[in-house]
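Chemist: The structure follows.
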Amino acid sequence: MIRKNPTGHLPVIDQSAYIDQTAIICGKVIIEANVFVGPYAVIRADEVDENGDMQPIIIGENSNIQDGVVIHSKAGAQVTIGKNSSIAHRSIIHGPCVVGNRVFVGFNSVLFNCKVGDHSAIRHNAVVDGRDLPESFYVPAMSYINARTDLSQYPPIDISISEFSESVVSTNIELVQGYKALQNEF
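The sequence shown begins at 5 in the numbering used here and counts up one residue at a time.
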C-alpha cells in the first residue's frame with residue numbers, strides 16, 4: 005500500500021523498483037532504482053520535528069528491504085539506506101540512522117541513532133544503539149553495541165561475509181526483475 009502521511013507527503017518510487025503488494029510505504033519516502041521491498045515491510049516517514057518538518061527516508065538503488073522489516077524515524081529525523089545494501093527479515097531501522105553502501109543487516113537486528121560505515125556486516129539478532137560504526141566493520145550475531153562499547157574488541161570483517169552480502173544483493177536484484185515481469189500476468 006502506497007499512501008500519504010498526515011502532512012501530505014507521498015512516496016516517490018522509481019519505476020524499476022518492486023514493492024510487494026502487502027508492504028506499506030507511507031509519507032516522505034524515496035525509493036531508488038532496482039530496490040526490492042518484500043512482503044509485510046513497513047517504511048513510514050510521518051513524524052515531524054519541533055518545527056513541523058521532516059527529513060525523508062531514502063532507500064538507495066539496488067538495495068533490498070526484506071520481509072517484515074520496519075523502517076521509521078523519530079521526530080522527522082532522516083533515515084538513509086545506501087546503495088547495494090540488504091536489510092534482512094524482520095529487522096528494525098529506526099532513525100535517526102544512516103546505513104552505508106554495501107551493508108548487510110541480519111535477521112531481527114535493530115539499529116537506532118547510529119551510522120553504519122560502507123561494506124559493514126551486522127549479523128542476526130544484533131543491536132546497534134547510539135554508536136557509529138566505521139567502514140568494513142563486523143558485528144557478530146547477538147551482539148549489543150551502545151555508546152560505551154569498545155569497538156576494538158570486535159573481529160575484522162571476513163571476506164566470506166562480504167561475499168555472502170554481495171550474493172544477497174545479487175539475488176534480490178534478480179527478484180526485482182522476476183517479480184516485475186510477473187506483475188504483468190495478473
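Glycine included, every Cβ here is placed at the ideal spot set by N, Cα and C.
Can you find at least 3 beta carbon pairs, one from the region 172-189 and one from the region 149-164, that sit closer than 8 angstroms?
Modeler: no
Chemist: Buried or exposed: which applies to ALA79, given that a residue is buried once 16 or more other Cβ atoms fall within 10 Å of its Cβ?
Modeler: Residue mapping note: residue 79 aligns to position 75 of the sequence shown, counting from 1. Under this definition ALA79 is an exposed residue.
Chemist: Around the C-beta of GLN70, are 16 or more other C-beta atoms found within 10 angstroms, so that it is buried, or is it exposed?
Modeler: Position 66 of the sequence shown, counted from the first residue, corresponds to residue 70. Label assigned to GLN70: buried.
Chemist: Just to confirm, are ASP18 and ALA37 a CB contact at a threshold of 8 angstroms?
Modeler: The sequence position of residue 18 within the sequence shown is 14, counting from 1. The sequence position of residue 37 within the sequence shown is 33, counting from 1. Going by C-beta atoms, ASP18 is nearer than 8 angstroms to ALA37.
Chemist: Could you name each continuous beta strand (DSSP E) segment of 3 residues or more that falls completely within the region 56-144, going from the start of the chain to the end?
Modeler: Within the region 56-144, the complete beta strand (DSSP E) runs of at least 3 residues are 61-63, 74-77, 83-85, 96-103, 114-120, 131-133.
Chemist: Using the three-state DSSP reduction, which class does VAL16 fall into: helix, strand or coil?
Modeler: Along the sequence shown, read from residue 1 onward, the residue named residue 16 stands at position 12. Strand.
Chemist: Using 8 angstroms as the threshold, is the C-beta distance between ALA130 and VAL120 below it?
Modeler: On the sequence shown, position 126 is the one that residue 130 refers to. On the sequence shown, position 116 is the one that residue 120 refers to. Their beta carbons are not under 8 angstroms apart, which means ALA130 does not touch VAL120 by this criterion.
Chemist: Let's see if you can read the secondary structure: which residues bound the alpha helix (DSSP H) around ALA185?
Modeler: Here residue 185 is taken as the residue at index 181 of the sequence shown, counted from 1. 163-187 is the span of the alpha helix (DSSP H), which, as asked, contains ALA185.
Chemist: How many whole angstroms separate the CB atoms of SER124 and GLY104, which I take to be in contact at a CB cut-off of 8 angstroms?
Modeler: Residue mapping note: residue 124 aligns to position 120 of the sequence shown, counting from 1. Residue mapping note: residue 104 aligns to position 100 of the sequence shown, counting from 1. Rounded, the Cβ-Cβ distance is 7 angstroms, consistent with contact.
Chemist: Who are the near neighbours of ALA21 in its chain, counting only those whose CB is closer than 6 angstroms to its CB and skipping five residues on each side?
Modeler: Numbered from its first residue, the sequence shown carries residue 21 at position 17. Here the set comprises ILE35, VAL39.
Chemist: Would you kindly work out how many angstroms separate the C-alpha atoms of VAL16 and VAL102, rounded to a whole number?
Modeler: Counted from its first residue, the sequence shown places residue 16 at position 12. Counted from its first residue, the sequence shown places residue 102 at position 98. Roughly 19 angstroms between the two C-alpha positions.
Chemist: Where ASN1 and SER171 are concerned, what is the direct C-alpha to C-alpha distance, given to the nearest angstrom?
Modeler: Residue 1 cannot be examined here, being either before or after the span of the chain that is shown, 5 to 190.
Chemist: Can ASN112 and SER95 be called in contact, C-beta distance under 8 angstroms?
Modeler: Translated into positions along the sequence shown, residue 112 becomes position 108. Translated into positions along the sequence shown, residue 95 becomes position 91. In this structure, SER95 lies closer than 8 angstroms to ASN112 by Cβ.
Chemist: With a threshold of 6 angstroms on Cβ separation, who are the neighbours of ASP136 within its own chain once the five nearest residues in sequence on each side are excluded?
Modeler: Taking the first residue of the sequence shown as 1, we reach residue 136 at position 132. Within the same chain, and ignoring the five residues on either side of ASP136 in sequence, the residues whose Cβ sits closer than 6 angstroms to its Cβ are CYS118, LYS119.
Chemist: Taking the continuous beta strand (DSSP E) assigned at ARG152, which residues delimit it?
Modeler: Against the sequence shown, residue 152 aligns to sequence position 148. Counting along the chain, ARG152 falls outside any beta strand (DSSP E), and DSSP gives it neither H nor E.
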